[in-house]
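Q: Heads up: the sequence lines are chains A and V, in that order. At position 503 of the first sequence (counting the first as 1) the number is 503 in this note's numbering, and the numbers step up by one without a gap. At position 120 of the second sequence (counting the first as 1) the number is 120 in this note's numbering, and the numbers step up by one without a gap. Note that beta-carbon positions come from the ideal geometry of N, C-alpha and C, so glycine has one too.
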Amino acid sequence: MNVVRAAESLLALSQQEELEDLSKDDPLSPSEDEGDIDGERKHQKLLEAISSLDGKNRRKLAERSEASLKVSEFNVTSEGSGEKLVLSDLLGPVKTSSSLAAVKKQLNRVKSKKTVELPLNKEEVERIHREVAFNKTSQALSKWDPIVLKNRQAEQLVFPLKKEQSVFAPIEHVLSGWKARTPLEQEVFNLLHKNKQPVTDPLLTPVEKASLKAMSLEDAKVRRAELQRARALQSYYEARARREKKIKSKKYHKVLKKGKARKALKEFEKLRKVNPTAALEELEKIEKARMMERMSLKHQNSGKWAKSKAIMAKYDLEARQAMQEQLARNKELTQKLQVASDSEEEEEGVEEEGELVPDAVNEIQMDANGPNPWMLRNHSRGTKEIKVQDPEQLPEPVAHEASENEEEERPGAEEEILLNEFEERRSLRKKSGLNQDAELVSRQEPKGSSSQEVLSELRALSQKLNKESQQSGKQNVSSVRTVLAVQREEPTEAEEEPLLLQRPERAHTLEELEELGKEGCFQNKEVPRPVGEGQQSERNPDNQPDAPKEKKRKEQMIDLQNLLTTKSPSVKSLAVPMTVEELEDEEERDQKQMIKEAFAGDDVIRDFLKEKREAVEASKPKDVDLTLPGWGEWGGMGLKPSAKKRRRCGCFHIHSHTIGNLKGPSRPL
Amino acid sequence: MKVKMLSRNPDNYVRETKLDLQRVPRNYDPTLHPFEVPREYVRALNATKLERVFAKPFLASLDGHRDGVNCLAKHPKSLATVLSGACDGEVRIWNLTKRKCNRTIQAHEGFVRGICTRFCGTSFFTVGDDKTVKQWKMDGPSYGEEEEPLHTILGKTVYTGIDHHWKEAVFVTCGQQVDIWDEQRTSPVCSMTWGFDSISSVKFNPIETFLLGSCASDRNIVLYDMRQSTPLKKVILEMRTNTICWNPMEAFIFTAANEDYNLYTFDMRALDTPVMVHMDHVSAVLDVDYSPTGKEFVSASFDKSIRIFPVDKSRSREVYHTKRMQHVICVKWTSDSKYIMCGSDEMNIRLWKANASEKLGVLTSREKAAKDYNQKLKEKFQHHPHIKRIARHRHLPKSIYSQIQEQRIMKEARRRKEVNRLKHSKPGSVSIVSEKKKHIVAVVK
Numbered sequence: 001m002n003v004v005r006a007a008e009s010l011l012a013l014s015q016q017e018e019l020e021d022l023s024k025d026d027p028l029s030p031s032e033d034e035g036d037i038d039g040e041r042k043h044q045k046l047l048e049a050i051s052s053l054d055g056k057n058r059r060k061l062a063e064r065s066e067a068s069l070k071v072s073e074f075n076v077t078s079e080g081s082g083e084k085l086v087l088s089d090l091l092g093p094v095k096t097s098s099s100l101a102a103v104k105k106q107l108n109r110v111k112s113k114k115t116v117e118l119p120l121n122k123e124e125v126e127r128i129h130r131e132v133a134f135n136k137t138s139q140a141l142s143k144w145d146p147i148v149l150k151n152r153q154a155e156q157l158v159f160p161l162k163k164e165q166s167v168f169a170p171i172e173h174v175l176s177g178w179k180a181r182t183p184l185e186q187e188v189f190n191l192l193h194k195n196k197q198p199v200t201d202p203l204l205t206p207v208e209k210a211s212l213k214a215m216s217l218e219d220a221k222v223r224r225a226e227l228q229r230a231r232a233l234q235s236y237y238e239a240r241a242r243r244e245k246k247i248k249s250k251k252y253h254k255v256l257k258k259g260k261a262r263k264a265l266k267e268f269e270k271l272r273k274v275n276p277t278a279a280l281e282e283l284e285k286i287e288k289a290r291m292m293e294r295m296s297l298k299h300q301n302s303g304k305w306a307k308s309k310a311i312m313a314k315y316d317l318e319a320r321q322a323m324q325e326q327l328a329r330n331k332e333l334t335q336k337l338q339v340a341s342d343s344e345e346e347e348e349g350v351e352e353e354g355e356l357v358p359d360a361v362n363e364i365q366m367d368a369n370g371p372n373p374w375m376l377r378n379h380s381r382g383t384k385e386i387k388v389q390d391p392e393q394l395p396e397p398v399a400h401e402a403s404e405n406e407e408e409e410r411p412g413a414e415e416e417i418l419l420n421e422f423e424e425r426r427s428l429r430k431k432s433g434l435n436q437d438a439e440l441v442s443r444q445e446p447k448g449s450s451s452q453e454v455l456s457e458l459r460a461l462s463q464k465l466n467k468e469s470q471q472s473g474k475q476n477v478s479s480v481r482t483v484l485a486v487q488r489e490e491p492t493e494a495e496e497e498p499l500l501l502q503r504p505e506r507a508h509t510l511e512e513l514e515e516l517g518k519e520g521c522f523q524n525k526e527v528p529r530p531v532g533e534g535q536q537s538e539r540n541p542d543n544q545p546d547a548p549k550e551k552k553r554k555e556q557m558i559d560l561q562n563l564l565t566t567k568s569p570s571v572k573s574l575a576v577p578m579t580v581e582e583l584e585d586e587e588e589r590d591q592k593q594m595i596k597e598a599f600a601g602d603d604v605i606r607d608f609l610k611e612k613r614e615a616v617e618a619s620k621p622k623d624v625d626l627t628l629p630g631w632g633e634w635g636g637m638g639l640k641p642s643a644k645k646r647r648r649c650g651c652f653h654i655h656s657h658t659i660g661n662l663k664g665p666s667r668p669l
Numbered sequence: 001m002k003v004k005m006l007s008r009n010p011d012n013y014v015r016e017t018k019l020d021l022q023r024v025p026r027n028y029d030p031t032l033h034p035f036e037v038p039r040e041y042v043r044a045l046n047a048t049k050l051e052r053v054f055a056k057p058f059l060a061s062l063d064g065h066r067d068g069v070n071c072l073a074k075h076p077k078s079l080a081t082v083l084s085g086a087c088d089g090e091v092r093i094w095n096l097t098k099r100k101c102n103r104t105i106q107a108h109e110g111f112v113r114g115i116c117t118r119f120c121g122t123s124f125f126t127v128g129d130d131k132t133v134k135q136w137k138m139d140g141p142s143y144g145e146e147e148e149p150l151h152t153i154l155g156k157t158v159y160t161g162i163d164h165h166w167k168e169a170v171f172v173t174c175g176q177q178v179d180i181w182d183e184q185r186t187s188p189v190c191s192m193t194w195g196f197d198s199i200s201s202v203k204f205n206p207i208e209t210f211l212l213g214s215c216a217s218d219r220n221i222v223l224y225d226m227r228q229s230t231p232l233k234k235v236i237l238e239m240r241t242n243t244i245c246w247n248p249m250e251a252f253i254f255t256a257a258n259e260d261y262n263l264y265t266f267d268m269r270a271l272d273t274p275v276m277v278h279m280d281h282v283s284a285v286l287d288v289d290y291s292p293t294g295k296e297f298v299s300a301s302f303d304k305s306i307r308i309f310p311v312d313k314s315r316s317r318e319v320y321h322t323k324r325m326q327h328v329i330c331v332k333w334t335s336d337s338k339y340i341m342c343g344s345d346e347m348n349i350r351l352w353k354a355n356a357s358e359k360l361g362v363l364t365s366r367e368k369a370a371k372d373y374n375q376k377l378k379e380k381f382q383h384h385p386h387i388k389r390i391a392r393h394r395h396l397p398k399s400i401y402s403q404i405q406e407q408r409i410m411k412e413a414r415r416r417k418e419v420n421r422l423k424h425s426k427p428g429s430v431s432i433v434s435e436k437k438k439h440i441v442a443v444v445k
């Protein structure tokens, strides 16, 4: 604006000057005209030069210069007044004349209008543009402010902030824009084409496709599943075999070996029927094994173990039994193989026996016939062995079936063979498991005794007696002293081996129990025997409440009728071979004698039978309710635990001794 | 009767899976662990020491150029690829993993002034002293083809720098003026000038992609808007700015590498004061590049060293130098934020770790955990004088060290003089100018 103002002031100045000039030069003389004109020109130029200092007004000035001072169409000179012409002056006279209305209007309009401002120079314009643009951009940028602030204040930034997923181009896309150029590439492609290797998506040769089509999906799946199962089974059995191989227990291996031997024998039998020549070879083998056994010193009671046992045998029944067992084994092994028919007969006979009478009864009969049977050992060894063999006879046909199956399916694929093998193995495994079970059952009972059950019962009885005798030894109640005296004959042995020596006191204890029951049972409780076996300790307190009953029983002490009735059914049992009685040494005979004396006036057998029955009942599986009322629900009188709970933690079939363990010593017999 | 029963929440002692770690019950009562802090302090000290022991940032030197390396460019898609242009007009493409040169192109006669890759990574552009702009394919020539540029544009003046748009097929060159080119055309779409001095560098903003920043040899930094085809603002500094670099995470922040040994970080909306003045170099700063995280940048200097600055700190956190490294002309921070490349006068490109003591390769989870733990410890005890001293210690070549000392003395003298002047003049007549304001001569709208 300054510039414009300056221009205006300059203009005004020049006008004034002009006016002055005009006033001076008003009377024009021709002589001076030229010089005047020259002066005027110069003056004009000066003015121009001055005014041209400001570039903007040049045009205007030129306009002015064009018009001469004297005659100007546009500039109305206000001569004489020396003042600027104002529009109102012009309008003044016009007002009166109405004919100039149009002019008037025009002039009014001119008066109301303003002059147009000059356009800005380029730099100014650019600058304004820049400023505007800058403001715009900085506004646009300020939209990032919150994000930047957030990032700056963030405790942790994890880059990349936005993870892009990579896109995989399919191979066709890649290949479409690609051509083999180099010789090597061309060669490779030629090879591929020769083999009809497709380049695009299903990268399979025709051969591969055909092979894919050969088997339907379902078939393949089934087949694969079978194979998988077979493999799993294989690995399972392998693992199991390995595990079993690792077992260190001698007992286990012994059992296993026995089982194997038995199986071999059975196979031999079978073979004899089917293929006599092969059987002969087998026989030779067995014969050879027998010879080897005879030659060797095994099972001759000459080893280290046997010697130690021999020392112990004097006091230890078990040791003695073990020794005898070994001898028996030796005999068995060195025996010549019998003819098949004999063995079969034997087996049949034994089976009949088993069906007719229980073993225990068998023994009792023997006892009734001959000398006291309690001391007889090993007489029913044969039966035991046969019993052990029994379970084997069941699985045999199964195995047979399996083998038949195998023969049928032989043409099948390898996998099937594999599967069959597993079937077979599994069946065998079951068999052997049964065998083991049987063995274990037999093991639980003491070996080498005349009858295992009887012996166990006897042992229990003797323990009981032993304890009571000790009590009696201390208190020394009035009753039978003779037996006591007998007892005192061998006091050292009584302490060492209660099973043997305490037996004669039984009668006394029964009598004593009555008195003891009257006097006070606490004494009994005061002296709890530190015997390891649970049964004994459990039975101990129960004897006292039973005392009155036993008193009644005592009245009918020896009932011959009872004895006779039990005698009859077991005549055949005598046929059971009796084993080595000769081996018993003198001491044993003494013991026998003693026992005889002790049991002279006692109904031992009936007692024993009853107790045995009880024991058998106890040993049967029972339902035990283990539900805990009140855990997780309301308990109390008349509320039964819910069925669900009973199912979950409830009833089991449990053997009596386990029940005993569960419930502690308060088990009623 | 009241029955007291133990009842525990199994969540407190039962593992969800057997793979979980066993819960070790601990009592965190601080009174039971009176030596916790001293123990941590010792650990922090050890961690700091180890950090310094393992601080071996130099990884590799890529040699092969036959003249000083003048410019570097990253490949936008491949981390392992880097391009370099030398002063003899040679362009090389390197494979960083193999540390080998893949391809060599004699691109220009005279210097390769600028090099930039296209955003898609299929081609790259070079400008040289021979007044040409050339576009090259990123892949080498296929079998039987000759090594030729895709396009060549002959210009009237020398181009001193080039940059490619981040999203569109547009690139910009600078020289006498800033030219914006369409890739398909042989003449610039628009040219922008402000002043008459030659422009040394021009850069596109990576976020607001229409924004451009350039620096000219008449000591100014000019910002342009591509859409409105107009310059926006100009700031004149005390000395010439060699190059600028935009922050990739913050749209309005850029850093200028200046001849007066300093770097200036500006907010482009307020150019009259820089956000931060970064000073540690003892000679002109020639190049600057941001890390992709936008938290740090690296600067290359004429003083034969490169330095790493945090964006918000005025002092560098790291200085890298080797005996053989001469004036460093260009520097780049790789896109994975792990490495730094610098090209220098003596024809080598050097590869550095961005974090000097970082262990390379795959870390096991335990290593990672240990690293994190140590990091936290260092952070916690960073202000303890002993630890601080160890963490800060750097070895410097004697030349740089002595120059630093010298400059410190000079600076101190100047400050003393200023203080004296202030003391001995009429109050209010002399004002103290802050460091930030001192270097800004003017802002031109």
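Run the CB neighbour count on residue 296 of chain V, radius 10 Å, all protein chains shown included, and call it buried at 16 or more, exposed below.
A: In the second sequence, counting from the first residue as 1, residue 296 of chain V sits at position 296. Buried, since its Cβ has 16 or more Cβ neighbours within 10 Å.
Q: Near residue 580 of chain A, what residues of its chain come up, given a Cβ to Cβ distance below 8 Å and the 5 sequence neighbours on each side ignored?
A: Taking the first residue of the first sequence as 1, we reach residue 580 of chain A at position 580. In this predicted model, residue 580 of chain A has a pLDDT of only 43, less than 50, meaning its place in the structure is not dependable; the value taken from the coordinates is given anyway. Counting only Cβ-Cβ distances below 8 Å, and skipping sequence neighbours, we find 324, 327, 328, 378.
Q: Kindly list the residues whose CB is nearer than 7 Å to the CB of residue 389 of chain A, restricted to its own chain and excluding five residues on each side of it in sequence; keep chain order.
A: Position 389 of the first sequence, counting from 1, holds the residue named residue 389 of chain A. Legend: pLDDT at residue 389 of chain A = 44, less than 50; position of this residue unreliable, no value from coordinates given.
Q: Which of helix, strand or coil does DSSP assign to residue 84 of chain V?
A: Mapped onto the second sequence, residue 84 of chain V falls at position 84. In this structure, residue 84 of chain V counts as strand in the three-state DSSP scheme.
Q: In chain V, which residues lie with their C-beta within 8 Å of the C-beta of residue 131 of chain A?
A: The residue labelled residue 131 of chain A in the question sits at position 131 within the first sequence. Per Cβ cutoff of 8 Å: 445.
Q: Any idea what DSSP makes of residue 252 of chain A, helix, strand or coil?
A: The residue you call residue 252 of chain A lines up with position 252 of the first sequence. Looking at residue 252 of chain A - three-state DSSP - the assignment turns out to be helix.
Q: Under 9 Å between beta-carbons, which chain V residues line up against residue 168 of chain A? List them in chain order, please.
A: Counted from its first residue, the first sequence places residue 168 of chain A at position 168. None at all; the shortest Cβ gap to chain V is about 15 Å.
Q: Compare the C-beta of residue 225 of chain V with all C-beta atoms of chain A and state if any pair is closer than 8 Å.
A: Working through the second sequence from its first residue, we reach residue 225 of chain V at position 225. So, interface residue.
Q: Excluding the 5 residues preceding and the 5 following residue 256 of chain V in the sequence, name in chain order all residues of the same chain whose CB lies nearer than 6 Å to its CB.
A: For this step, residue 256 of chain V is matched to residue 256 along the second sequence. 221, 241, 244, 264, listed in sequence order.
Q: Would residue 293 of chain V count as contacting chain A if we go by Cβ distances under 8 Å?
A: Taking the first residue of the second sequence as position 1, residue 293 of chain V is located at position 293. Cβ-Cβ to chain A under 8 Å: yes for residue 293 of chain V.
Q: Alpha carbon to alpha carbon, what distance is there between residue 288 of chain V and residue 223 of chain V?
A: For this step, residue 223 of chain V is matched to residue 223 along the second sequence. For this step, residue 288 of chain V is matched to residue 288 along the second sequence. Distance between the alpha carbons of residue 223 of chain V and residue 288 of chain V is about 18 Å.
Q: Say whether chain A places a C-beta atom closer than 8 Å to the C-beta of residue 212 of chain V.
A: Within the second sequence, residue 212 of chain V is the residue found at index 212, counting from 1. Chain A contact via Cβ: absent.
Q: Using beta-carbon positions only, say whether residue 68 of chain V and residue 113 of chain V come within less than 8 Å of one another.
A: Looking up residue 68 of chain V in the second sequence gives position 68. Looking up residue 113 of chain V in the second sequence gives position 113. Cβ distance not < 8 Å, so residue 68 of chain V and residue 113 of chain V don't count as in contact.
Q: Identify every run of the beta strand (DSSP E) within the stretch 191-234 of chain A, keeping only runs that are complete inside it and at least 3 residues long; order them along the chain.
A: Within the stretch 191-234 of chain A, no complete beta strand (DSSP E) run reaches 3 residues.
Q: Between residue 103 of chain A and residue 115 of chain A, what straight-line distance do the alpha-carbon atoms span, to the nearest angstrom?
A: The residue given as residue 103 of chain A occupies position 103 in the first sequence. The residue given as residue 115 of chain A occupies position 115 in the first sequence. The alpha-carbon atoms of residue 103 of chain A and residue 115 of chain A are separated by roughly 20 Å.
Q: If I follow the unbroken alpha helix (DSSP H) through residue 236 of chain V, where does it start and stop?
A: Here residue 236 of chain V is taken as the residue at index 236 of the second sequence, counted from 1. No alpha helix (DSSP H) contains residue 236 of chain V, which is instead part of the beta strand (DSSP E) from 230-237.
Q: From what residue to what residue does the beta strand (DSSP E) around residue 452 of chain V run?
A: Only positions 1 to 445 of chain V appear in the structure, and residue 452 of chain V is not among them; the question remains open.
Q: State yes or no: is the C-beta of residue 181 of chain V within less than 8 Å of the C-beta of residue 119 of chain V?
A: Within the second sequence, residue 181 of chain V is the residue found at index 181, counting from 1. Within the second sequence, residue 119 of chain V is the residue found at index 119, counting from 1. Not closer than 8 Å, so no.
Q: Find the residues of chain V that neighbour residue 159 of chain A, judging by a C-beta separation of less than 8 Å, and give them in chain order.
A: On the first sequence, position 159 is the one that residue 159 of chain A refers to. Chain V residues near residue 159 of chain A: 292, 293, 337.
Q: Assuming contact is defined by CB atoms lying nearer than 8 Å, are residue 72 of chain V and residue 351 of chain V in contact in what I supplied?
A: Here residue 72 of chain V refers to the residue found at position 72 of the second sequence. Here residue 351 of chain V refers to the residue found at position 351 of the second sequence. No.
Q: Could you tell me the boundaries of the alpha helix (DSSP H) in which residue 621 of chain A lies?
A: By one-based count along the first sequence, residue 621 of chain A stands at place 621. Here residue 621 of chain A belongs to no alpha helix (DSSP H), and DSSP marks it neither H nor E.
Q: Compare the C-alpha of residue 301 of chain A against each of A:273, A:239, A:628, A:310 and name the closest.
A: Position 301 of the first sequence, counted from the first residue, corresponds to residue 301 of chain A. The shortest C-alpha separation from residue 301 of chain A is found at A:310.
Q: Over what stretch of residues does the alpha helix (DSSP H) that includes residue 374 of chain V continue unbroken?
A: What you label residue 374 of chain V is simply residue 374 of the second sequence in a count that begins at 1. First-last of the alpha helix (DSSP H) with residue 374 of chain V: 365-380.
Q: Starting from residue 310 of chain V, trace the beta strand (DSSP E) both ways and give me its first and last residue.
A: Working through the second sequence from its first residue, we reach residue 310 of chain V at position 310. Here the beta strand (DSSP E) through residue 310 of chain V covers 306-310.
Q: If residue 277 of chain V and residue 435 of chain V are in contact, beta carbons under 8 Å, what's the gap, nearest whole angstrom?
A: Here residue 277 of chain V is taken as the residue at index 277 of the second sequence, counted from 1. Here residue 435 of chain V is taken as the residue at index 435 of the second sequence, counted from 1. Going by Cβ atoms, the distance from residue 277 of chain V to residue 435 of chain V rounds to 6 Å, so yes, they are a contact pair.
Q: Going straight from the alpha carbon of residue 48 of chain V to that of residue 363 of chain V, what length do you get?
A: Counted from its first residue, the second sequence places residue 48 of chain V at position 48. Counted from its first residue, the second sequence places residue 363 of chain V at position 363. In a straight line, the C-alpha of residue 48 of chain V is about 19 Å away from that of residue 363 of chain V.
Q: Could you check how far apart the C-beta atoms of residue 212 of chain V and residue 226 of chain V are, in whole angstroms? I think they sit under 8 Å.
A: The residue you call residue 212 of chain V lines up with position 212 of the second sequence. The residue you call residue 226 of chain V lines up with position 226 of the second sequence. Residue 212 of chain V to residue 226 of chain V, Cβ: 6 Å. Contact.
Q: Do residue 344 of chain V and residue 319 of chain V have their CB atoms nearer than 8 Å?
A: Position 344 of the second sequence, counted from the start, is the residue given in the question as residue 344 of chain V. Position 319 of the second sequence, counted from the start, is the residue given in the question as residue 319 of chain V. No. Outside cutoff.
Q: Starting from residue 318 of chain V, find everything on chain A with Cβ-Cβ shorter than 7 Å and list it in chain order.
A: The residue labelled residue 318 of chain V in the question sits at position 318 within the second sequence. Result: empty, since nearest Cβ-Cβ is about 19 Å, beyond 7 Å.
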